[in-house]
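Peer 1: Converting from the sequence shown to the numbering used here requires adding 18 to each position, the first position being numbered 1. Backbone N, C-alpha and C define an ideal beta-carbon position, used for all residues, glycine too. If you're wondering where the values come from, they're calculated on a predicted model, not measured in any experiment. Submitted below is the structure of interest, expressed as structure tokens.
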Amino acid sequence: MTTLAIDIGGTKLAAALVSTDLRIHERRELPTPASKTPDALRDALNELVSPLKAQAQRVAIASTGIIHEGTLLAINPQNLGGLMHFPLVQTLEAITGLPTQAVNDAQAAAWAEYHALADGISDMVFITVSTGVGGGVVSSGKLQTGTGGLAGHLGHTLADPNGPVCGCGRRGCVEAIASGRGISAAAQGDLAGCDAKTIFARAADGHEQARLLVQSSARVLARLIADVKAITDCQRVVIGGSVGLAEGYLAQVRHWLAQEPGIYHVELSAAHYRNDAGLLGAALLATGEKS
Ligand code: ADP
Ligand code: BMX
Ligand code: ZN
Numbered sequence: 019m020t021t022l023a024i025d026i027g028g029t030k031l032a033a034a035l036v037s038t039d040l041r042i043h044e045r046r047e048l049p050t051p052a053s054k055t056p057d058a059l060r061d062a063l064n065e066l067v068s069p070l071k072a073q074a075q076r077v078a079i080a081s082t083g084i085i086h087e088g089t090l091l092a093i094n095p096q097n098l099g100g101l102m103h104f105p106l107v108q109t110l111e112a113i114t115g116l117p118t119q120a121v122n123d124a125q126a127a128a129w130a131e132y133h134a135l136a137d138g139i140s141d142m143v144f145i146t147v148s149t150g151v152g153g154g155v156v157s158s159g160k161l162q163t164g165t166g167g168l169a170g171h172l173g174h175t176l177a178d179p180n181g182p183v184c185g186c187g188r189r190g191c192v193e194a195i196a197s198g199r200g201i202s203a204a205a206q207g208d209l210a211g212c213d214a215k216t217i218f219a220r221a222a223d224g225h226e227q228a229r230l231l232v233q234s235s236a237r238v239l240a241r242l243i244a245d246v247k248a249i250t251d252c253q254r255v256v257i258g259g260s261v262g263l264a265e266g267y268l269a270q271v272r273h274w275l276a277q278e279p280g281i282y283h284v285e286l287s288a289a290h291y292r293n294d295a296g297l298l299g300a301a302l303l304a305t306g307e308k309s
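What follows is the structure, encoded as structure tokens:
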């Protein structure tokens, strides 16, 4: 059985064929269209999967947003160019003619990363620091999706009551400060308008403002991890997303977490599957294995 796995993020769309032994073939990427209208995303997804669909027997989607009953509902529509609602499963079934299922991107990635951990770990949390900040919680070996798909949306917990307003409507969310978009939005002067990738590159060259922007993201993430430890008592936190996986970032998060009282410390690691965790988690969930 070959699964056509799709990962829909705020910055990029990825798709690949995933074989039963969880090997990735023919991976493709396209930029995520920044448009309020669903047509742009539908057209981009059509272009993305067209060369792959004839070789697959089913579709498994990991997508940014709250995924409930096959529909994408943005908690932060700014991450998708203002798009609030998208009929995900219906659209991919129409494009491919294949049975399709969908789950939140960070929840999917958590499930893949949980399977990559050593035996004996039953409680783990995955956090993606990417366009937004997303999360997935595995508790007693079960992936938590909640009653409406909201479980694990750690980016929308409070980092700073006086912080910037988040696209979800709340002030001071972790995502508004620590995410790629948050880092970019806070940039001023010669960094104004730069994306997070550029700001990380400038920080590595010793640019002071860039260094402080990266530091503030890592610091907020460390506090979030301390909160996550207090809430879940997890044995491991795995960090993914292009910001989370950027060189030196995890070391900074470890540094700030070490400043918190010892009870909140937890082992941290970088995503084993790197940027493919969402694709593989969606494929794994589609195997029907009980979560
Ligand atoms: P998505 O959110 O679509 O899943 P990513 O995980 O690639 O995509 O996250 C996109 C964010 O990561 C953007 O804000 C981008 O500027 C930033 N980014 C991409 N590459 C890097 C990098 N090498 N270092 C730091 N940030 C990066
Ligand atoms: C946002 C939210 C989450 C998602 C997270 C990471 C939307 C559209 N997305 O908090 O559902 O898991 O971003 O998404 O409201 P990514 O695009 O950064 O991978
Ligand atoms: Zn928010």
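#1: Quick check on this structure: which residue in Cys184, Val232, Pro69, Gly88 has the alpha carbon closest to the alpha carbon of Glu265?
#2: With hydrogens ignored, establish whether the beta-carbon of Leu31 is closer than 8 angstroms to any heavy atom of the ligand BMX.
#3: Can you find the residues in the same chain that come closer than 6 angstroms, C-beta to C-beta, to Thr118, ignoring five residues on each side of it along the sequence?
#4: Can you list, in chain order, the residues of its chain with a C-beta nearer than 6 angstroms to that of Ser260? Leave out the 5 residues immediately preceding and following it.
#5: The ligand BMX and Ser148: does the residue's C-beta get closer than 8 angstroms to at least one heavy atom of that ligand?
#6: In the DSSP assignment, find the beta strand (DSSP E) that holds Asp213 and state where it starts and stops.
#7: Taking the C-alpha atoms as reference points, what is the distance between Gly198 and Ala32?
#8: Under the three-state reduction of DSSP, which class applies to Lys30: helix, strand or coil?
#9: According to the Cβ coordinates, are Phe144 and Val255 closer than 9 angstroms?
#10: Around the ligand ZN, which residues pass a check of Cβ closer than 7 angstroms to any of its heavy atoms?
#11: Can you tell which of Gly166, Ala126, Gln96, Ser202 has the C-alpha that lies nearest to the C-alpha of Ala228?
#12: Starting from Ser162, trace the beta strand (DSSP E) both ways and give me its first and last residue.
#13: Can you check whether the CB of Ala126 is closer than 9 angstroms to the CB of Leu303?
#14: Measure the alpha-carbon distance for His171 versus Ser68 and round it to whole angstroms.
#15: Which complete alpha helix (DSSP H) runs does the stretch 96 to 164 hold, if anything under 4 residues is left out?
#16: In terms of DSSP beta bridges, what is Thr21 paired with?
#17: Leaving out the 5 sequence neighbours to the left and right, which residues in its chain are closer than 7 angstroms to Asn94 when beta-carbon positions are compared?
#18: According to DSSP, is Ile93 helix, strand or coil?
#19: On the CB-based measure, 16 or more other CB atoms within 10 Å of its CB, does Ala289 come out buried or exposed?
#20: Between Asp123 and the ligand BMX, is the CB less than 8 angstroms from at least one heavy atom?
#21: Quick check on His273: buried or exposed, where buried means 16 or more other Cβ atoms within 10 Å of its Cβ?
#22: How far does the beta strand (DSSP E) with Val256 in it reach, from first residue to last?
#23: My output table needs one value for His174: the three-state DSSP class, helix, strand or coil.
#24: Based on DSSP bridge pairs, tell me the residues matched to Val238.
#25: Does the ligand BMX have a heavy atom nearer than 8 angstroms to the CB of His103?
#26: Looking at the unbroken beta strand (DSSP E) that takes in Leu48, where does it start and where does it end?
#27: So for Glu285, helix, strand or coil by DSSP?
#28: Taking only the alpha-carbon atoms, compute the straight-line gap between Asn64 and Ile113 and give it to the nearest angstrom.
#29: Give me the Cα-Cα distance between Val246 and Ala276, rounded to the nearest whole angstrom.
#30: Is Val271 near the ligand ADP, going by C-beta to nearest heavy atom under 8 angstroms?
Peer 2: Working from what's here:
#1: Val232
#2: no
#3: Val77, Val107, Leu110, Glu111
#4: Ser148
#5: yes
#6: Note, Asp213: premise wrong, no beta strand (DSSP E); not H, not E.
#7: 18 angstroms
#8: strand
#9: yes
#10: Ile93, Asn94, Gly173, His174, Cys184, Gly185, Cys186, Arg188, Cys191, Glu193, Ala194
#11: Ser202
#12: According to the sequence shown, residue 162 is Gln rather than Ser. That run of the beta strand (DSSP E) goes 160 to 162.
#13: yes
#14: 31 angstroms
#15: 106 to 114, 123 to 134
#16: Val36, Arg76
#17: Gly150, Cys184, Gly185, Cys186, Glu193
#18: coil
#19: buried
#20: yes
#21: exposed
#22: 254 to 258
#23: helix
#24: DSSP output for Val238 lists no bridge partner at all.
#25: no
#26: 42 to 49
#27: strand
#28: 6 angstroms
#29: 15 angstroms
#30: no
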